[in-house]
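Heads up, the thing below is written out as structure tokens.
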Amino acid sequence: MAAAARAALPRPHLSLFSSSHRSPHLSLTPSSAPRLRSGAATSPALQQHHQVTTRLGDVIEAQQFDRDALNEIFEVAREMEAVERGSHGAPSRVLEGYLMATLFYEPSTRTRLSFEAAMRRLGGEVLTTENAREFSSAAKGETLEDTIRTVEGYSDIIVLRHFESGAARKAADTANIPVINAGDGPGQHPTQALLDVYTIKREIGTLDGIKLGLVGDLANGRTVRSLAYLIAKYQNIKIYFVSPDVVKMKDDIKNYLNSKGVEWEESSDLLEVASKCDVIYQTRIQKERFGERIDLYEAARGKYIMDKKVLDVLPKHAVIMHPLPRLDEITVEVDSDPRAAYFRQAKNGLYIRMALLKLLLVGH
Amino acid sequence: MAAAARAALPRPHLSLFSSSHRSPHLSLTPSSAPRLRSGAATSPALQQHHQVTTRLGDVIEAQQFDRDALNEIFEVAREMEAVERGSHGAPSRVLEGYLMATLFYEPSTRTRLSFEAAMRRLGGEVLTTENAREFSSAAKGETLEDTIRTVEGYSDIIVLRHFESGAARKAADTANIPVINAGDGPGQHPTQALLDVYTIKREIGTLDGIKLGLVGDLANGRTVRSLAYLIAKYQNIKIYFVSPDVVKMKDDIKNYLNSKGVEWEESSDLLEVASKCDVIYQTRIQKERFGERIDLYEAARGKYIMDKKVLDVLPKHAVIMHPLPRLDEITVEVDSDPRAAYFRQAKNGLYIRMALLKLLLVGH
Amino acid sequence: MAAAARAALPRPHLSLFSSSHRSPHLSLTPSSAPRLRSGAATSPALQQHHQVTTRLGDVIEAQQFDRDALNEIFEVAREMEAVERGSHGAPSRVLEGYLMATLFYEPSTRTRLSFEAAMRRLGGEVLTTENAREFSSAAKGETLEDTIRTVEGYSDIIVLRHFESGAARKAADTANIPVINAGDGPGQHPTQALLDVYTIKREIGTLDGIKLGLVGDLANGRTVRSLAYLIAKYQNIKIYFVSPDVVKMKDDIKNYLNSKGVEWEESSDLLEVASKCDVIYQTRIQKERFGERIDLYEAARGKYIMDKKVLDVLPKHAVIMHPLPRLDEITVEVDSDPRAAYFRQAKNGLYIRMALLKLLLVGH
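Residue numbers (full-length UniProt numbering), protein chains in the order written: chain A, 1 to 364; chain B, 1 to 364; chain C, 1 to 364.
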């Protein structure tokens, strides 16, 4: 949400932007920034001051959340389970009269659906643009900024999916309404990271002290990288990286974990790792990453499969997660095991997105 | 709706599935199966027992409905006319808080629109996926079952359109929420068959004893085949098949009608058939079925046209139906004749779908 | 909305069409036609009488509105600003229970979004068809008329975007519910013209007596042509045409303005024109109009750019408008100037569409 842009809104324009957009209790700020109080949002001077350091009211990247913010989001997400259960008898009207625009420059039906379901479960309404690429078409050459300035006139919050890293930040810098990053290219997918951490907390009961095995494509998987960033905010975490050599976790994440004092270890023995983990997070090996080296893909792909043998050694209290979609890296026989958490994880995406929409639009 | 899948849902997962999903009064079961009472739905043991024999709460194929079920659906459909008329002054809230996902693996705007209108006319909400093929993309290789398990977490009922015969049944076996088949490839399109039979009843006043002329492409038309299956449940039906030789009704339907004691006859004289029928059901000759034999298509196509000459011999009380879209197999001059029922038939699709959504989600 | 078609609706069909569709106070008729009173709508005889001369209840072309009609629309549009501001605390229910179908035969996300937002801000619901071309596909060969007759059964108003000039009129002649033209090929885009004129009134305070500079592609721009038609309804208008030679305003518009006594002048000096105008309306030079003559395009494109130099001479009270999307014909430095009205103009599209939907569905 752009402060400068708002200060520049000229005369007869009636501000879209009421103080109800801002929650004084909302702590979704980077930890280094002071919390803004509701009144502050109407002061251009103060906004100018914070323009660079805060993104209050936008969800752009996993790292922006401190533990307090995460706790608040997870608390609200938990409340959302009851809200959803009450949908038929006493549907929520919390976001009645609010309009969410899903501005998707690349298709992601799964993510879009869960955002739209979240908005509806809270009584809000949705404007859908599945092929926004055409909207501000390359042919016509409209900038993302111009598109945002148009769409913000028609809605109360924008959920942006874009093919370019950094697009969400750019949109948020332009918009006078909140922006949620629903994935920007190889960049971030913060709501996925949030739902992953929420799922661990919901399944295991705690985050501090957990042992987490990350399995599969650790080099290219946006998901596991964001998860590593976010989990590093907790205490006494131990991470095991289990992946074929060609798709090993990259040094930037390892260095980041080191700097945060998070213990990590690489292993090629899935069974041994599984036997001591609280959470095994499996990912898909993405064929498209291997180009013409189909042989490498085939070798990598079959190497670490989650099957009955893994279940046999996995602790009773542990869970198996996966961002979905899956191919055969988790066999179907695993699905009926109570420790298979991946469909519950997908469902948690609904609760997390409900929580974010509520927090961004009306506060806690 | 899968019984086994539900029994397997593990611990912290809160059931999506409340008894309100089940109506004790709903008789949409195959006639051979005992009705389940509401309470039964929460008993995994009982569910296991019924898993194979019942599809309570799913609409998969025309044959699943017995006469009692059809009567109930038609009765509710009739009530829906009043509900729709009241939309502006006193809109229905019957499905308030319910969310329908239209999961369309191939486009069918007409069918999708009428389902979405039906949901809205009852106060419900809609999640739209027009290109679900991309959703669980062949490239990514997700199974239909996995997609269903994700989408059921975001919605209360799934309307599935798929390119593969049997897909609807597979989805219903997986889902813990009701599934409606909105056409699965060359397979079934049960809501079309229901609206066709409802239209006959609504226009003629009765189904027993009617004389029905099926005209056009009887070999490939999913519509006329399903209609034949469904009409066979009534008494003293007489069916005339009028079609070019290359697209004659196939033996499986003829044998089925024989086994049910339904009289049928083939004829090449449309005028003679029209003069003694209560209902003429015209269909489009589909060019794509003829491959490179354009000559056969052209010959077939022009052979049986519904025009002023047919109107002249058609009984005053009779009606002309067509599943739409039409080309020139019914001439435009017919449209203004009161016996032209095809646009009323399309409208009945709304009422039938409203009735099904109400029956599946909250019961009668 | 077709009168003849309605008269022909046969027996068991329950009219979709209640007197609430018709507002006795609504003056959206060509000025030559008498106003219809509410009761009239139920009389087939009277409808027949008016069939050709009135399009009461449809929005087809800019010229259909007289000054009284424009005043009424603008008055309601102004009220809509307050309705929108109240969305969060006290959302409007004015169109509760009404269903709008957006039938788009070519994509136009911007226009579609603003219509859908308008409907939602008034409490109404939306059925979306983004690729209606497939709906009544060329392959299947359904006529627009048949499509309209189906869709009108599922909705209360149709917003049509089509690639063929005249399609909106054809649809309105068929439909028994109101039709709004959201652009039909090279034909009309009346809601854009309305929002343009509304923006001038809203920004400048008056329409009579304004000096208006039309800049850019005046030959191909549907927008500037429609605006010229509409502005001619006001008094003492002076229009300056500023465009590269290859895309000059065509004679038909010049002759029309002459016949209406509107003063106009051609100029190649943007700065001089800007220095004496109340409104500068800039448009995009469309590359696709130049075919292979990229050289002509490049020359035309760079010729008249709205930048700091133009701002320096532009009167303080004046405004810069643009139908969007823009390329570089307005530089980004202009955006922060209070006289840059184009994003407010886009926003006015919401208010105008809210006003039209309200007027067509429930009246003032």
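We put the beta carbon where it would ideally sit given N, CA and C, even for glycine. All figures in this text were calculated on a predicted structure; none of them were measured in a lab.
Listing by chain order, which chain B residues have their CB less than 7 Å from the CB of residue i?
{"i": "C/E96", "result": "P91"}
{"i": "A/R120", "result": "L99, E125"}
{"i": "C/Y154", "result": "L113, S114, A117, L350"}
Nearest chain C C-beta to residue i closer than 8 Å, yes or no?
{"i": "A/E125", "result": "yes"}
{"i": "B/F290", "result": "no"}
{"i": "B/T223", "result": "no"}
{"i": "B/T128", "result": "yes"}
{"i": "A/T102", "result": "no"}
{"i": "B/F343", "result": "yes"}
{"i": "B/S87", "result": "yes"}
{"i": "A/D278", "result": "no"}
Span of the beta strand (DSSP E) holding residue i?
{"i": "C/S267", "result": "263-267"}
{"i": "C/N236", "result": "No beta strand (DSSP E) holds C/N236; DSSP gives it neither H nor E."}
{"i": "C/A101", "result": "99-104"}
{"i": "A/L127", "result": "125-129"}
{"i": "A/L160", "result": "157-162"}
{"i": "A/M321", "result": "319-321"}
Can you tell me the Cβ-Cβ gap for residue i and residue j, rounded? I've got them flagged as a contact below 8 Å.
{"i": "C/I305", "j": "C/Q188", "result": "Not quite, the Cβ-Cβ distance comes to about 29 Å (not below 8 Å), so this is no contact."}
{"i": "C/L350", "j": "A/G213", "result": "Not confirmed; about 50 Å, so no contact."}
{"i": "C/P190", "j": "C/A62", "result": "5 Å"}
{"i": "C/L357", "j": "C/A118", "result": "6 Å"}
{"i": "residue 379 of chain C", "j": "C/R121", "result": "With chain C covering only 1 through 364, there is no way to say anything about residue 379 of chain C."}
{"i": "C/G57", "j": "C/V94", "result": "Their Cβ separation, rounded to whole angstroms, is 17 Å, which puts C/G57 and C/V94 out of contact at 8 Å."}
{"i": "B/K309", "j": "B/L271", "result": "7 Å"}
{"i": "C/D251", "j": "B/L324", "result": "Not really, about 45 Å apart at Cβ, beyond 8 Å."}
In whole angstroms, what separates the C-alpha of residue i from that of residue j?
{"i": "C/T42", "j": "C/I204", "result": "Any answer about C/T42 is weak, because its pLDDT of 35 lies below 50 and its placement is not dependable; what the coordinates show is given next. Roughly 42 Å between the two C-alpha positions."}
{"i": "C/Y297", "j": "C/R284", "result": "11 Å"}
{"i": "C/L144", "j": "B/V151", "result": "34 Å"}
{"i": "C/S336", "j": "A/I210", "result": "51 Å"}
{"i": "B/R112", "j": "B/V179", "result": "14 Å"}
{"i": "C/Y256", "j": "B/E288", "result": "50 Å"}
{"i": "C/R78", "j": "C/R85", "result": "12 Å"}
{"i": "B/D184", "j": "B/I231", "result": "21 Å"}
{"i": "B/L218", "j": "A/R133", "result": "43 Å"}
Within 8 Å (strictly less), CB to CB, does residue i reach chain A?
{"i": "C/A346", "result": "yes"}
{"i": "B/Y170", "result": "The sequence shown places Lys at residue 170 of chain B, rather than the Tyr named in the question. Judged by the 8 Å Cβ criterion, B/K170 is not in contact with chain A."}
{"i": "C/H364", "result": "no"}
{"i": "C/L194", "result": "no"}
Determine the chain C residues that contact residue i at a beta-carbon separation under 9 Å, and present them in chain order.
{"i": "B/H162", "result": "In chain order: nothing, as chain C lies at least about 17 Å away."}
Where do the N-terminal and C-terminal ends of the alpha helix (DSSP H) with residue i fall, by residue?
{"i": "C/R85", "result": "67-85"}
{"i": "B/T174", "result": "167-174"}
{"i": "B/A182", "result": "Not the alpha helix (DSSP H): B/A182 falls in the beta strand (DSSP E), residues 179-184."}
{"i": "B/V197", "result": "190-204"}
{"i": "A/R225", "result": "222-231"}
{"i": "A/G213", "result": "Looking at the DSSP string, A/G213 is not in any alpha helix (DSSP H); the run it does join, the beta strand (DSSP E), is 211-215."}
{"i": "A/Y351", "result": "342-361"}
{"i": "A/Y256", "result": "251-259"}
Taking only beta-carbon atoms, is residue i less than 8 Å away from chain B?
{"i": "C/G166", "result": "no"}
{"i": "A/L327", "result": "yes"}
{"i": "A/R110", "result": "yes"}
{"i": "A/H317", "result": "no"}
{"i": "A/H189", "result": "no"}
{"i": "A/L324", "result": "yes"}
{"i": "C/T29", "result": "No answer about C/T29 holds up, because its pLDDT of 41 lies below 50 and its placement is not dependable."}
Counting only Cβ pairs nearer than 7 Å, list the residues of chain C close to residue i.
{"i": "A/A132", "result": "T109"}
So which residues on chain B does residue i lean against when the C-beta distance must stay under 9 Å?
{"i": "A/F74", "result": "Simply none; closest approach about 14 Å."}
Mind listing the chain A neighbours of residue i? Cutoff is C-beta to C-beta under 7 Å, in chain order.
{"i": "B/G141", "result": "L327"}
{"i": "B/R149", "result": "F343"}
For residue i, which residues in chain A fall below 9 Å Cβ to Cβ?
{"i": "B/T174", "result": "Simply none; closest approach about 10 Å."}
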